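Notes for the one structure printed next.
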Amino acid sequence: MPSNDVGGEMIKRVVLAIVSLAILVLVFGAMLPSQMHVERTTEIIAMPDQVFDHVNDLRAWEAWSPWYRMDPEAHYVYSEPSFGEGASLVWDGKKIYRGGQVIRTSDRPQKIEIAFDFGPDGGAVSKWIFRPNERGTRVAWEIDIDRGNNPLAKLWGVMRDRELGDNYEQGLKKLKQICEIGATGPGNF
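Number 149 in our numbering belongs to position 90 of the sequence shown; there are no gaps in the numbering.
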């Protein structure tokens, strides 16, 4: 009588399905772009230099950055001074992990460029652009992340795009509230 090994056949099918899925994920990930760009903008009823100062001083981020609220137990170390070109911040937390940032460009009140180091997860460059308009200041916050050629890192980047964009929107909303409260009075829009 021929042996009817149903259990062995089932294991082969499960292994084949897992291997096929892994290959599909790797092929799909390999086709994704290595560059990830996230950008959010808002209008703030305040002078560009007022808004600029809240971003240019890394200690001021505590008041508006979503990552401080996300991991309130995290430990932060600031350079002295904590503002302008060369200012840096290093953090370590359970939810935001470990990393650092350095202000590379501080062109008051038009632009700030920040280099991020996320340790084994790589780095990124974030830019802030401040443009005066009839209502105050148009603020653009953007980041460019190079995920390299790792298909899994590229897939992770696609999944993080929305989350990071949502964090940027929260931060801009809080920054807007803070700046507009401080922008009252004659000549301040």
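Note that the Cβ used here is the ideal one computed from N, Cα and C, for glycine as well. As the structure is a prediction and not an experimental result, all values here were calculated from the model.
Taken through DSSP and simplified to helix, strand or coil, ILE103 comes out as strand. Measuring C-alpha to C-alpha distances from GLN236 to each of ARG190, GLN109 and VAL73 identifies GLN109 as the nearest. Note that the C-beta distance between ARG99 and GLU228 is below 9 Å. Annotation: the region 113-152 contains the following complete segments of the beta strand (DSSP E) (minimum length 3 residues), in chain order: 134-137 and 147-152. Under the three-pair Cβ rule at 8 Å, the region 66-84 does not count as touching the region 146-159. Ranked by Cα distance from ASP180, the options GLY207, TYR137, MET129 and GLY230 are led by GLY207.
In its chain, beyond the 5 residues on either side, SER141 and PHE142 have a beta carbon closer than 7 Å to the beta carbon of ASP116. Bounds of the beta strand (DSSP E) holding PHE175 are 170-176. Secondary structure of ASP64 (DSSP, three-state): coil. A straight line joining the alpha-carbon of GLY67 with that of ASN209 spans about 34 Å.
According to the DSSP secondary-structure assignment, VAL198 is paired through a beta bridge with THR101 and PHE189. Contact between ASP205 and GLN94 holds: their C-beta atoms lie close to 6 Å from each other, under 8 Å. Using a C-beta cut-off of 8 Å, the region 187-194 makes contact with the region 164-176, since at least three inter-stretch Cβ pairs fall below that distance. The three-state reading of DSSP puts ILE162 in strand, counting E and B together. Collapsing the DSSP output to three states places ARG72 in a helix. With a beta-carbon spacing of about 6 Å, LYS154 and MET129 fall inside the 8 Å limit used to define contacts. The residue among LEU234, GLY241 and GLU239 with its C-alpha nearest the C-alpha of GLU121 is LEU234.
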